[in-house]
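Enquirer: Can you keep this structure in mind? I'll have questions shortly.
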Amino acid sequence: MDAIALLKADHKTVEQLFRKFEKTGPNAHKLKRRLVDQMVLELSIHSAIEEQVFYPAVRARSVPLLHEVLRSLEEHHVVKWLLSELDDLRPDAERFDAKVRVLMENVRAHVLEEEGTLFPEVKKAFRPQELRALGSLLESAKKTAPTHPHPLAPDTPPGNLVAGAVSAVMDMGRDALRAARRKATSKVREVTGRTDKSPKPSLYDAGDAASP
Ligand SMILES: [Fe+2]
Ligand SMILES: [Fe+2]
1052 MDAIALLKAD
1062 HKTVEQLFRK
1072 FEKTGPNAHK
1082 LKRRLVDQMV
1092 LELSIHSAIE
1102 EQVFYPAVRA
1112 RSVPLLHEVL
1122 RSLEEHHVVK
1132 WLLSELDDLR
1142 PDAERFDAKV
1152 RVLMENVRAH
1162 VLEEEGTLFP
1172 EVKKAFRPQE
1182 LRALGSLLES
1192 AKKTAPTHPH
1202 PLAPDTPPGN
1212 LVAGAVSAVM
1222 DMGRDALRAA
1232 RRKATSKVRE
1242 VTGRTDKSPK
1252 PSLYDAGDAA
1262 SP
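Its first residue numbered 1052, the sequence shown is counted upward by one per residue in the working numbering.
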């Protein structure tokens, strides 16, 4: 798959998550938490591979596209802050939905900019075989990309390559811990018969305690 097709497929995946979120009811806390978890995962990986592989290749090839790349990095930065706040926010928090809406607005505007302006210029600047080679690099970068946002980490090479690798390992531990905690929580509920009236085990797990 060439680089543009791969990145557009990622955009589509995220847009599908946004549409699902927009269809949720006001009390669907558990579902909202799950959808936001998916958004965090998809957008963290997508922004990391663009920053590690795609943007550096574009700025190295085309001086006129430098401004577009720098603007994209700033847009990613804002999105990463929103994601980092949403990552640990209870889905029944007063500002949860509002924050997701602002996230969606920002991501949609960024995607429009990439697909409408940047990608067509990139297609002119690279040969088809080069775009396919870039696509393979993006594919490989996905396997080691961080799964959570790191807004304070470097977003350009070489800093982001080192920081990204370290973050990815830390994120793996964090994901494993979160999964184990959720499993333990549901086991306790199964044994005790406690449901949504039970004390919430943590801020993050509040969504699991709420009924969809
Ligand atoms: Fe993108
Ligand atoms: Fe982007």
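Just so you know, even glycine gets a beta-carbon here, dropped at the ideal spot from N, CA and C.
Tell whether a beta-carbon distance below 9 Å holds between GLU1066 and VAL1162.
Expert: Stepping through the sequence shown from its first residue, residue 1066 is reached at position 15. Stepping through the sequence shown from its first residue, residue 1162 is reached at position 111. Result yes, Cβ atoms of GLU1066 and VAL1162 sit closer than 9 Å.
Enquirer: Tell me whether GLU1156 is buried or exposed, calling it buried when 16 or more other Cβ atoms sit within 10 Å of its Cβ.
Expert: Numbered from its first residue, the sequence shown carries residue 1156 at position 105. Exposed: under 16 other Cβ atoms inside 10 Å.
Enquirer: Applying the criterion that 16 or more other CB atoms from any shown protein chain within 10 Å of the CB defines a buried residue, is GLU1145 buried or exposed?
Expert: Taking the sequence shown and counting its residues from 1, one reaches residue 1145 at position 94. Exposed, because fewer than 16 other Cβ atoms sit within 10 Å of the Cβ of GLU1145.
Enquirer: Which class does ASP1138 belong to by DSSP, given the choice of helix, strand or coil?
Expert: For this step, residue 1138 is matched to residue 87 along the sequence shown. Here ASP1138 sits in helix by DSSP.
Enquirer: List the endpoints of the continuous alpha helix (DSSP H) containing ARG1240.
Expert: As a working mapping, residue 1240 is identified with position 189 in the sequence shown. Taken as a continuous stretch (DSSP letters only), the alpha helix (DSSP H) holding ARG1240 covers 1210 to 1243.
Enquirer: Could you pull out every residue in the same chain whose Cβ sits closer than 8 Å to the Cβ of VAL1153, ignoring the five residues on either side in sequence?
Expert: Along the sequence shown, one-based indexing puts residue 1153 at 102. Correct list, in chain order: LEU1133.
Enquirer: Can you tell me where the alpha helix (DSSP H) with GLN1180 in it begins and where it stops?
Expert: As a working mapping, residue 1180 is identified with position 129 in the sequence shown. Taken as a continuous stretch (DSSP letters only), the alpha helix (DSSP H) holding GLN1180 covers 1179 to 1194.
Enquirer: So LEU1086 packs on LYS1071, CB below 8 Å; how close in whole Å?
Expert: Counting from one through the sequence shown, the residue named residue 1086 turns up at place 35. Counting from one through the sequence shown, the residue named residue 1071 turns up at place 20. The Cβ separation is near 6 Å, so the contact holds.
Enquirer: Is HIS1118 near ligand 1, in the sense that its beta carbon is under 8 Å from a heavy atom of that ligand?
Expert: As a first step, residue 1118 is located in the sequence shown; it is residue number 67 there, counting from the start. Flag unset: Cβ of HIS1118 not near ligand 1.
Enquirer: Name the residue from PRO1205, ASP1226, SER1123 and ALA1196 whose alpha carbon lies nearest to the alpha carbon of ASP1138.
Expert: Start at 1 with the first residue of the sequence shown, and residue 1138 comes out as number 87. Nearest C-alpha to ASP1138: ASP1226.
Enquirer: I'd like to know if VAL1129 contacts chain B, where contact means its C-beta is closer than 9 Å to some C-beta of that chain.
Expert: Looking at the structure shown, chain B is missing, and only one protein chain is on hand.
Enquirer: Spatial neighbours of ILE1055 within its chain, please: C-beta separation below 7 Å, excluding the five flanking residues on both sides.
Expert: Walking along the sequence shown from the start, residue 1055 turns up at place 4. Once the five neighbours on either side are set aside, the close Cβ partners of ILE1055 are PHE1170, VAL1173, LYS1174 and LEU1182.
Enquirer: Please name the residue in PRO1202, PRO1208 and ASP1222 whose C-alpha comes closest to that of ALA1196.
Expert: Numbered from its first residue, the sequence shown carries residue 1196 at position 145. The shortest C-alpha separation from ALA1196 is found at ASP1222.
Enquirer: Just the C-alpha distance for GLY1076 and VAL1217, rounded to the nearest angstrom, thanks.
Expert: Residue numbering aside, residue 1076 sits at position 25 when the sequence shown is read from its first letter. Residue numbering aside, residue 1217 sits at position 166 when the sequence shown is read from its first letter. For GLY1076 and VAL1217, the distance between alpha carbons rounds to 38 Å.
Enquirer: I'd like to confirm something about GLU1190: is its beta-carbon nearer than 8 Å to some heavy atom of ligand 1, or not?
Expert: By 1-based counting over the sequence shown, the position of residue 1190 is 139. Every heavy atom of ligand 1 is 8 Å or more from the Cβ of GLU1190, so no.
Enquirer: Which word fits LYS1074, buried or exposed, when buried means at least 16 other C-beta atoms lie within 10 angstroms of its C-beta?
Expert: Reading the sequence shown from its first residue, position 23 is the one you call residue 1074. Label assigned to LYS1074: exposed.
Enquirer: Tell me which residue opens and which closes the alpha helix (DSSP H) that HIS1161 is part of.
Expert: The count along the sequence shown starts at 1 and reaches residue 1161 at position 110. Start and end: 1147 to 1164.
Enquirer: Sorry if obvious, but does the Cβ on HIS1128 come closer than 8 Å to a heavy atom of ligand 2?
Expert: Taking the first residue of the sequence shown as position 1, residue 1128 is located at position 77. False, no ligand heavy atom lies under 8 Å from that Cβ.
Enquirer: Roughly how far, in whole angstroms, is the beta-carbon of ALA1108 from the beta-carbon of LEU1185, given that I think they are within contact range, below 8 Å?
Expert: Position 57 of the sequence shown holds residue 1108. Position 134 of the sequence shown holds residue 1185. About 6 Å separates the two Cβ atoms, so the contact holds.
Enquirer: Use the C-beta contact count for GLU1101: other C-beta atoms within 10 angstroms, 16 or more gives buried, fewer gives exposed.
Expert: The count along the sequence shown starts at 1 and reaches residue 1101 at position 50. By the 10 Å Cβ count, GLU1101 comes out buried.
Enquirer: In whole angstroms, what separates the C-alpha of VAL1242 from that of ALA1235?
Expert: Residue numbering aside, residue 1242 sits at position 191 when the sequence shown is read from its first letter. Residue numbering aside, residue 1235 sits at position 184 when the sequence shown is read from its first letter. Rounded to whole angstroms, VAL1242 to ALA1235 spans 11 Å at the Cα level.
Enquirer: For LYS1251 and LEU1228, what's the separation of their Cα atoms in angstroms?
Expert: Here the question's residue 1251 lines up with position 200 in the sequence shown. Here the question's residue 1228 lines up with position 177 in the sequence shown. Here LYS1251 scores only 47 on pLDDT, less than 50, and its place in the model is too uncertain to base an answer on.
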